[in-house]
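Position 214 of the sequence shown, counted from 1, bears residue number 214 in full-length UniProt numbering, the numbering being contiguous throughout.
Structure record follows, encoded as structure tokens.
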Amino acid sequence: MKTLYGVGVGPGDPELVTLKAIRVIREADYIFVPRPKKESEGMAEAIVAEHLAGKQVVYLHLPMGADNSERYREIASEIDATLRDDENGAFITIGDPMVYSTFAYLMFAAQTLGIRTRIVPGIPSFVAASAALGEPLAIRDDSFYLADGSVDEEILRRVQTVCVLKPRKELAHTLDKFEQYGFDYAYLKRCSLPEEEIIRDRDRIAQDRDYMTLLFARKKE
């Protein structure tokens, strides 16, 4: 049976790639690499570049944004046509394959074609952010809220820690709500990379345009 592994390669630092991820990549017959734009190296590819030497690499141009279920079916068919019976493929993705990842959509499409899927978890950016800040995600009876792009005000009332991935779209609204409900917050860009930056000043946060960002907020004691 054909097997497709969703391999999480972590938040950006190559040293945060797990041993299992490296082994699966090295043993795979094909490496499937997502590229949002043609001729543009993706972040996942850059993280594990040293492990791709001599591998058969297939570039997949994944859709971004709205519902692209048909495109995911096309990509799954491309993977199905590439793999022979009993061959393995590794699809690499930043962070963890099961946390706001395009791999989830591809996984469902591959399964409908009879391709077995397996998951290799990776360190997600919000865990790396917690480590960079020295702030726990949750302790004792805390609740933790992970959001993508925007926040739910009712949930903010009840939780102690919040991480917002890709916060640019509703940044001002989100920061207003953090301040309203008594959160201290930090804006992290390029987390775990040499150019990592932690910004706490609201004006500087508003001026930044980097895509690889998140907001980490914790209620004041």
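Heads up, the beta-carbon is just placed ideally off N, CA and C, and yes, glycines get one too.
Counting only the Cα atoms, Asn88 lies some 19 Å from Tyr105. Between Glu135 and Arg218 a beta carbon distance of about 6 Å is seen, short of the 8 Å cut, so the two are scored as contacting. Residue nearest to Thr174 within the set Gly149, Arg158 and Pro194 is Gly149 (criterion: CA-CA distance).
Inclusion of Ile75 and Leu52 in the CB contact set at 7 Å is not warranted, their separation being larger than that value. Between Gly8 and Gly95, the gap from beta carbon to beta carbon is short of 7 Å.
Bridge pairing for Val120: Val7 [DSSP].
Taking every protein chain shown into account, the CB of Leu214 has 16 or more other CB atoms within 10 angstroms, so this residue is buried. Ranking Thr117, Ser101 and Gly54 by CA distance to the CA of Ile79 puts Thr117 first. Within the same chain, and ignoring the five residues on either side of Ser69 in sequence, the residues whose Cβ sits closer than 8 Å to its Cβ are Tyr105 and Ala109.
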